[in-house]
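Presented below is the structure to which this report refers.
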Amino acid sequence: MVTAADIRQRAKALGFDACGIAPASEHPELRFYPEWLARGYAGSMAYLSRTADTRADVRHLLPSAKTVIVTATLYNTERPYSTECADPDRGHIARYSWGDDYHTVLGQRLASLVSWMRERSDEPFEALAYVDTGPVQERVYAQHAGIGWIGKNTCVISPELGSWIFLAEIICSLALDLDAPAFDQCGTCTLCLEACPTKALVAPGVLDSNRCISYLTIEHRGEIPEALRAGIGSHVYGCDICQEVCPWNAVAPTTDDPAWQPRPAWDNRRLVDLLQMPDDDLQVALKGSAMKRAKIAGLRRNMQVASQNVQERT
Ligand code: SF4
Ligand code: SF4
């Protein structure tokens with residue numbers, strides 16, 4: 666027999682920093698998604714519309730699902746990010762992508778957890794594991810699994826870990842003991858909404874991807890619209906501003922997991938040095954990194970925009 670407590674304990678042993686269990690049901694927070702799509706806030710991420718029906722309930726993916734085991738893994742390393750962002754000559758790279766590709770690392774850890782559950786369980790069960798890429802609204806399940814609440818910056822904030830966390834989940838047909846949902850602790854704070862340089866947070870918890878630097882520098886293909894270039898500042902890949910200003914991250918713990926430590930190629934590099942990296946070096950630095958999503962062409966485009974912004978400021 667495998668219990669929720671066993672799973673939590675095993676998840677910790679495998680390197681996950683938190684683990685909670687949510688019911689596989691239709692949660693009210695999932696109902697806003699079609700409206701968010703209808704407003705055009707997904708930008709050119711057509712896969713989000715294509716999978717909208719599936720995302721409404723994990724049982725569309727696994728009809729036998731009873732629970733969603735949600736894990737959180739801290740990726741916050743010992744680096745003074747606020748200092749880095751104060752220096753416009755540095756190419757800013759989102760913290761989550763400094764180390765190894767979380768899809769691979771966490772995918773292996775989730776597979777180990779499922780294998781261990783199968784060895785322990787005295788009943789057969791079905792399970793689907795996802796690390797970010799599945800058609801699952803994982804933040805909603807994370808909230809219902811007690812991992813943390815969805816902040817006004819749209820990130821899941823754990824009271825213990827902050828928001829520098831990767832989420833990964835197992836949709837499972839086992840009926841396990843459930844955790845209590847996390848409750849909203851943003852209160853009257855609006856720091857993230859005020860700090861967003863492109864005003865992409867159009868309302869508390871509502872992101873217009875078209876304006877978001879993360880979307881523009883990672884997901885968007887082709888030229889970055891002229892009107893949005895200045896707001897990108899020195900960002901070369903992703904953006905952490907709405908997390909950096911969050912008071913819950915001021916006291917967030919750090920991890921010494923080697924997987925998330927910054928690769929030298931991206932570590933606090935000057936924009937001019939990044940621009941001069943030959944394709945071969947970029948290729949090596951992108952191997953096994955989440956940053957390969959933007960491809961070399963995307964990174965070069967971002968570096969050009971960031972350099973232009975710095976030149977115009979000086
Ligand atoms: S990631 Fe950056 S651009 Fe996107 S909402 Fe947060 S602060 Fe704004
Ligand atoms: S900055 Fe404030 S409002 Fe924004 S997510 Fe953090 S606590 Fe919530």
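Using the numbering used here, the first residue of the sequence shown is number 666, and each one after it goes up by one. Quick reminder that beta carbons are idealized off the backbone N, C-alpha and C, glycines included.
Check, Outcome
"Among the candidates V723, R876, Y880, whose CA atom is the shortest distance from the CA of P688?", "V723"
"If you run the structure through DSSP and keep just helix, strand and coil, what is P688?", "strand"
"Answer yes or no: the CB of C854 versus the heavy atoms of ligand 1, is any distance below 6 Å?", "no"
"Report the residue from V871, V901, G963 whose alpha carbon sits nearest the alpha carbon of I815.", "V871"
"Ignore the nearest five residues each way along the sequence and tell me which others in G846's own chain have a CB closer than 7 Å to its CB.", "Here residue 846 is Pro; the residue named in the question, Gly, does not match the sequence. So the qualifying residues of the chain are Q808, H809, G811."
"By the three-class DSSP mapping on this structure, what secondary structure does H900 have?", "strand"
"Just to confirm before moving on: does the CB-CB distance between S899 and A971 stay below 7 Å?", "yes"
"Say yes only if the C-beta of A758 is nearer than 6 Å to one or more non-hydrogen atoms of ligand 1, and no if none qualify.", "In the sequence as presented, Ala is not what sits at residue 758; that position holds Ile. It does not: the Cβ of I758 is nowhere closer than 6 Å to a heavy atom of ligand 1."
"Let me know if F831 comes out buried or exposed under the rule of 16 or more other beta-carbons within 10 Å of its beta-carbon.", "buried"
"From A959 to E884, what does the alpha carbon distance come to, in whole angstroms?", "7 Å"
"Spell out the partners DSSP gives F831 in its beta bridges.", "T738"
"Determine the contact status of Y806 and V733, defining contact as a CB-CB distance below 7 Å.", "yes"
"Decide if the segment 832-845 is in contact with the segment 673-691; the criterion is three or more beta carbon pairs, one per stretch, under 8 Å apart.", "yes"
"Within 8 Å, do at least three Cβ pairs link the segment 929-944 to the segment 787-794?", "no"
"What does the alpha-carbon distance come out to for the pair T882 and G852?", "31 Å"
"Measure the Cβ-Cβ separation of S762 and A955 and say whether it is below 7 Å.", "yes"
"Quick check: the Cα distance between P918 and P824, rounded to an integer number of angstroms?", "11 Å"
"Looking only at C-alpha atoms, which of M782, R704, Y740 sits nearest to T668?", "M782"
"If you count every other CB in all the chains shown that lies within 10 Å of the CB of R755, and 16 or more means buried, which is it?", "buried"
"Based on the DSSP secondary-structure assignment, which residues constitute the bridge partners of W814?", "I822"
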